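Chemist:
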Amino acid sequence: MMRKRVKFLILGVVILVGLPFSWVGAMTIVQLNLLQLTEMAPIIFRGYCTSVDRKIQGGRDVLVVSFKVDEVIKGSVGSTVTFNQLAPPDKDLREIGLGSAFEGMPTYSVGEECVVFLSEESSLGLAAPIGLGQGRFCVREDGSGQKFIANDINNAGLFRDLSNSPVLKAKTLSSQQSSMVHKAPQQIRYGDFVPLVKQLMP
Amino acid sequence: MAQKKVLWLGIIMMVWVSSPVWAFGPNAVTSGGSIVRWSGTVTVHVETDLDVRGKDVTSFVSDALTTWTTASGTSLSASEGSLGVAVDTSNVCTYLYDASACPSGPTSDGTNPIVFDEDGSIIAQFFGTPNQYAVLGFAGIVSYSSTTGTVVKGEGVFNAACLTGIESAGCGSLSFGDDDLSAIVTHELGHFFGVNHVQLNVSEASSSSIASRSVVPTMYSFFTPGTGAFIKTLNVDDQVAIAFLYPSGSFLSSKVKVTGTIYDTDGVTEFQCANVIARNSDSTLSRSDAVAFVSGMQSPAASFDGDYELYVEPGQTYSIEVEDIEASFTGSSGIIPCNGASGNPTAPTFDSQTHAQTVSGSGGETVSGMNFTLTSTSDNVGGDTATADTDGDGVANGSDNCPTTANADQADDDSDGTGDACDDTDDSSSSGCQLSLLPQGADPHYIFQKNPIQKMTWSEYWVYLKSSILQWVQ
Chain H
1 MMRKRVKFLI
11 LGVVILVGLP
21 FSWVGAMTIV
31 QLNLLQLTEM
41 APIIFRGYCT
51 SVDRKIQGGR
61 DVLVVSFKVD
71 EVIKGSVGST
81 VTFNQLAPPD
91 KDLREIGLGS
101 AFEGMPTYSV
111 GEECVVFLSE
121 ESSLGLAAPI
131 GLGQGRFCVR
141 EDGSGQKFIA
151 NDINNAGLFR
161 DLSNSPVLKA
171 KTLSSQQSSM
181 VHKAPQQIRY
191 GDFVPLVKQL
201 MP
Chain A
1 MAQKKVLWLG
11 IIMMVWVSSP
21 VWAFGPNAVT
31 SGGSIVRWSG
41 TVTVHVETDL
51 DVRGKDVTSF
61 VSDALTTWTT
71 ASGTSLSASE
81 GSLGVAVDTS
91 NVCTYLYDAS
101 ACPSGPTSDG
111 TNPIVFDEDG
121 SIIAQFFGTP
131 NQYAVLGFAG
141 IVSYSSTTGT
151 VVKGEGVFNA
161 ACLTGIESAG
171 CGSLSFGDDD
181 LSAIVTHELG
191 HFFGVNHVQL
201 NVSEASSSSI
211 ASRSVVPTMY
221 SFFTPGTGAF
231 IKTLNVDDQV
241 AIAFLYPSGS
251 FLSSKVKVTG
261 TIYDTDGVTE
271 FQCANVIARN
281 SDSTLSRSDA
291 VAFVSGMQSP
301 AASFDGDYEL
311 YVEPGQTYSI
321 EVEDIEASFT
331 GSSGIIPCNG
341 ASGNPTAPTF
351 DSQTHAQTVS
361 GSGGETVSGM
371 NFTLTSTSDN
381 VGGDTATADT
391 DGDGVANGSD
401 NCPTTANADQ
411 ADDDSDGTGD
421 ACDDTDDSSS
431 SGCQLSLLPQ
441 GADPHYIFQK
451 NPIQKMTWSE
461 YWVYLKSSIL
471 QWVQ
């Protein structure tokens with residue numbers, strides 16, 4: 001129902017101006033390493049996505065995302081977290097020639113287990129993972145049942161410059177963590193990720 | 001004095017190097033197959049408040065416009081006008097449109113607004129703090145005719161919160177310089193004019209050597225602060241891309257057009273989203289004279305083909321390479337229509353290949369039928385990927401300071417980003433100022449960090465700086 005209302009609202013704009021239009025957008029975002037993500041994020045938690053609703057809120061197209069929190073890694077949050085994030089372009093809207101500048105906004109699936117590095121809520125009541133899709137890591141399984149975790153850019157740059165960081169040198173990393181930092185793998189085992197984030201905490 | 005400058009330059013470069021950025025690419029074809037582009041002279045309407053904490057940023061836009069309109073082979077024409085108003089958080093949606101953030105904004109009001117978000121507050125209200133230090137801007141085409149593809153409205157927002165020298169508190173190591181902002185504005189205005197991302201020379205783009213970026217196109221998907229002086233200048237591929245959209249009368253007659261189709265392993269099914277590169281066969285030009293095209297890039301949404309076309313110089317010989325799109329070029333950083341976002345398929349993977357034949361021709365000539373059928377075996381080296389480990393030393397190319405020379409220890413005595421094992425200009429033992437003189441364990445990435453990610457107070461930093469200089473003097 002909400003999705004239909006979004007479409008009607010924007011279709012209304014199209015009819016109003018009498019012109020088919022679409023967004024052909026672009027955005028520049030800093031690629032953040034894991035230390036930067038950990039330091040910048042006011043809130044980091046691990047949990048399961050319990051609901052994703054798309055609706056018009058304050059005249060904007062937003063996702064209302066809720067997580068059941070299993071572990072608070074940074075910040076102060078309760079057993080559930082709900083935040084409003086600008087929605088990525090709706091596929092159906094694109095098919096009729098509509099879109100959004102914010103093509104890379106993170107998406108969520110109910111039941112998915114994720115580690116989220118979340119921003120503060122803005123004056124408009126909006127929030128987003130730090131670095132947008134970079135700050136939302138979700139669990140994937142390979143064919144053998146091994147769990148891996150990845151963000152929206154397949155962990156690109158996540159370990160950049162970490163091996164020489166004095167912050168890490170001051171930490172006591174396990175040999176496995178140290179190897180991970182030096183080898184900068186794109187595939188990160190889920191079980192290794194949260195302990196490493198905790199090690200990087202300020 | 002000169003040595004001190006070198007010390008400062010070295011420190012600053014390492015600070016900048018720490019934060020690559022990336023951008024989104026446009027979907028440049030209408031559902032009917034028309035290429036989305038402007039018609040006639042494009043006027044951008046710059047907001048009136050171009051004073052960013054005392055720094056006039058007017059030139060960033062005008063320089064970028066000049067860069068694109070003077071590219072070789074293009075007829076693109078653009079002029080600069082005024083929006084007549086200062087834009088901030090209170091009125092941004094009065095002038096800008098976005099389906100998510102400003103769905104009630106104008107789509108055909110005759111303006112193409114360019115806005116400088118002085119302190120990142122516009123970004124912060126859309127994405128929450130501290131994302132204003134990570135999201136550096138957005139630009140693109142707001143509306144176009146779905147039948148002809150002719151653009152009606154475009155816009156751009158550039159975030160100057162972390163511009164070095166006038167950066168906001170909280171930017172920390174995410175500050176960037178004037179050349180970097182120029183590169184960002186140039187890149188984003190490339191999207192504004194309808195140019196897509198390109199994957200070309202990934203090895204150089206991923207290298208820790210700043211100088212290697214001279215062969216990385218402006219429209220490459222990722223950008224490393226500190227490399228702006230190179231990236232703001234168009235490469236051959238950028239020039240061909242803008243000329244392809246807005247060709248001058250002599251463009252086609254001055255180039256050799258190379259066309260072909262990529263087929264899947266059955267030899268019949270056309271294969272979309274393969275990255276096809278024409279690279280000059282002369283080893284001295286092979287990295288700088290190269291152009292790329294994603295197969296099927298011009299096919300309308302929801303349809304697929306494996307066609308490509310490339311434009312190269314007459315009188316030169318080129319090899320044709322086919323490679324898959326990098327795994328990290330997905331979603332927001334991807335090359336549309338292969339980024340796996342918003343209904344686009346994820347780019348398929350396959351083994352890189354180099355065509356057995358080479359291509360050459362004369363101006364105005366079309367060399368057609370340069371077809372490929374993909375195989376399932378690694379029949380050519382390719383290896384132009386950041387994730388590959390060409391030298392087998394256990395460090396991926398993207399992180400390796402010597403990608404083609406095995407050096408598992410990554411030793412880099414002169415801290416110039418090029419490992420000792422492959423550094424012909426290793427000057428760590430010379431008498432000049434070297435970063436190796438920094439205090440043991442100091443990490444320049446954190447020198448300038450301030451709240452909320454404080455790592456070193458200014459008094460601590462001053463002591464640190466003095467100790468650095470003293471060591472250098474000794």
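Here the protein sequences come in this chain order: H and A.
Just so you know, we're using the numbering used here here: the first sequence kicks off at 1 and counts up by one.
Just so you know, we're using the numbering used here here: the second sequence kicks off at 1 and counts up by one.
Glycine is no exception: its CB is placed at the ideal position from the N, C-alpha and C atoms.
None of these values were measured; they are calculated from a predicted model.
#1: Closest to A:Trp-68 by C-alpha separation, out of A:Phe-193, A:Val-202 and A:Thr-227, would be which residue?
#2: Identify, in the order they occur along the chain, each residue of the same chain with its Cβ nearer than 6 Å to the Cβ of H:Met-40, setting aside the five sequence neighbours on each side.
#3: For A:Asp-117 versus A:Ala-160, is the C-beta spacing smaller than 8 Å?
#4: Taking its Cβ as the centre, do 16 or more other Cβ atoms sit within 10 Å of A:Val-185, making it buried, or is it exposed?
#5: Since A:Gln-316 contacts A:Asn-371 with CB under 8 Å, what's their CB separation in whole angstroms?
#6: Give the DSSP-derived three-state secondary structure of H:Met-40 in the structure shown.
#7: CA-CA distance, H:Ile-44 and A:Ser-250?
#8: Return no unless some Cβ of chain H is closer than 8 Å to the Cβ of A:Asn-201.
#9: Which residue marks the beginning of the alpha helix (DSSP H) containing A:Pro-106, and which one marks its end?
#10: Taking C-beta pairs closer than 8 Å, name the residues in chain A that H:Glu-121 reaches, listed in chain order.
#11: Run down chain A in chain order and give the residues with a C-beta less than 7 Å from the C-beta of H:Phe-45.
#12: Name the two residues that bound the continuous beta strand (DSSP E) containing A:Tyr-95.
#13: So A:Asp-264 packs on A:Leu-83, CB below 8 Å; how close in whole Å?
#14: Residues bridged to A:Lys-153 by DSSP?
#15: May I ask you to report which of helix, strand or coil DSSP gives A:Glu-118?
#16: Got a sec, what are the start and stop residues for the alpha helix (DSSP H) H:Val-194 sits in?
#17: List, in order along the chain, the chain A residues whose C-beta lies closer than 8 Å to that of H:Ile-130?
#18: Does any C-beta atom of chain H lie closer than 8 Å to the C-beta of A:Ile-98?
#19: What's the call for H:Arg-252, buried or exposed, on a 16-neighbour Cβ count within 10 Å?
#20: Who are the Cβ neighbours of H:Tyr-48 in its own chain at under 6 Å, not counting the five residues just before and after it?
#21: According to the Cβ coordinates, are H:Gln-57 and H:Asn-84 closer than 8 Å?
#22: When the distance is taken between beta carbons, is H:Asp-152 closer than 8 Å to H:Gly-125?
#23: In terms of residues, what are the limits of the beta strand (DSSP E) holding A:Ile-231?
#24: Between H:Leu-200 and chain A, is there a C-beta pair that is closer than 8 Å?
#25: To the nearest angstrom, how far is it from the Cα of A:Ser-214 to the Cα of A:Tyr-220?
#26: Could you check if H:Ala-87 is buried or exposed, using at least 16 other CB atoms within 10 Å of its CB as the buried criterion?
#27: Please state whether DSSP places H:Phe-117 in a helix, a strand or coil.
#28: Which first and last residues belong to the alpha helix (DSSP H) in which A:Asp-238 is found?
#29: Just the C-alpha distance for A:Pro-217 and A:Leu-310, rounded to the nearest angstrom, thanks.
#30: Rounded to a whole number of angstroms, what is the C-alpha to C-alpha distance between A:Ser-59 and H:Val-64?
#31: Determine, for A:Ser-168, whether the minimum Cβ-Cβ distance to residues of chain B falls below 8 Å.
#32: Could you check whether the Cβ of H:Phe-67 sits closer than 8 Å to any Cβ belonging to chain A?
#33: State the Cα-Cα distance for the pair A:Val-291 and A:Ile-277, rounded to the nearest angstrom.
#34: Sort H:Thr-28, H:Leu-35, H:Ile-29 and H:Val-30 by Cα distance to H:Phe-208 and report the nearest one.
#35: Can you list, in chain order, the residues of the stretch 137-162 of chain A whose Cβ is nearer than 7 Å to any Cβ on chain H?
#36: Where A:Leu-163 and A:Ser-175 are concerned, what is the direct C-alpha to C-alpha distance, given to the nearest angstrom?
Modeler: Result, derived from the coordinates:
#1: A:Phe-193
#2: Ile-130
#3: yes
#4: buried
#5: Contact between A:Gln-316 and A:Asn-371 does not hold, since their C-beta atoms are separated by about 22 Å, which reaches or exceeds 8 Å.
#6: helix
#7: 56 Å
#8: no
#9: Run containing A:Pro-106: none; DSSP gives neither H nor E here.
#10: Gly-128
#11: None at all; the shortest Cβ gap to chain A is about 15 Å.
#12: Not the beta strand (DSSP E): A:Tyr-95 falls in the alpha helix (DSSP H), residues 92-95.
#13: Rounded, the Cβ-Cβ distance is 49 Å, inconsistent with contact.
#14: A:Ser-143
#15: coil
#16: 190-200
#17: Pro-130, Asn-131 and Ala-134, listed in chain order.
#18: Residue identity differs from the one stated: residue 98 of chain A is Asp in this sequence, not Ile. Yes, because at least one Cβ of chain H sits closer than 8 Å to the Cβ of A:Asp-98.
#19: Since the displayed chain H opens at 1 and closes at 202, residue 252 of chain H lies outside it and no answer follows.
#20: Here the set comprises Lys-68 and Glu-113.
#21: yes
#22: It is not a contact, given that the beta carbons lie outside the stated cut-off.
#23: Counting along the chain, A:Ile-231 falls outside any beta strand (DSSP E), though it belongs to the alpha helix (DSSP H) covering 228-231.
#24: no
#25: 12 Å
#26: Classification of H:Ala-87: buried, given that the 10 Å Cβ count is 16 or more.
#27: strand
#28: 236-245
#29: 16 Å
#30: 40 Å
#31: The question asks about chain B, but that chain is absent: this structure's protein chains are H and A.
#32: no
#33: 6 Å
#34: With chain H represented from 1 up to 202, any question about residue 208 of chain H goes unanswered, as that position is not in the structure.
#35: Gly-137, Phe-138, Ala-139, Gly-140, Ile-141, Val-142, Ser-143, Tyr-144, Ser-145, Ser-146 and Val-152
#36: 6 Å
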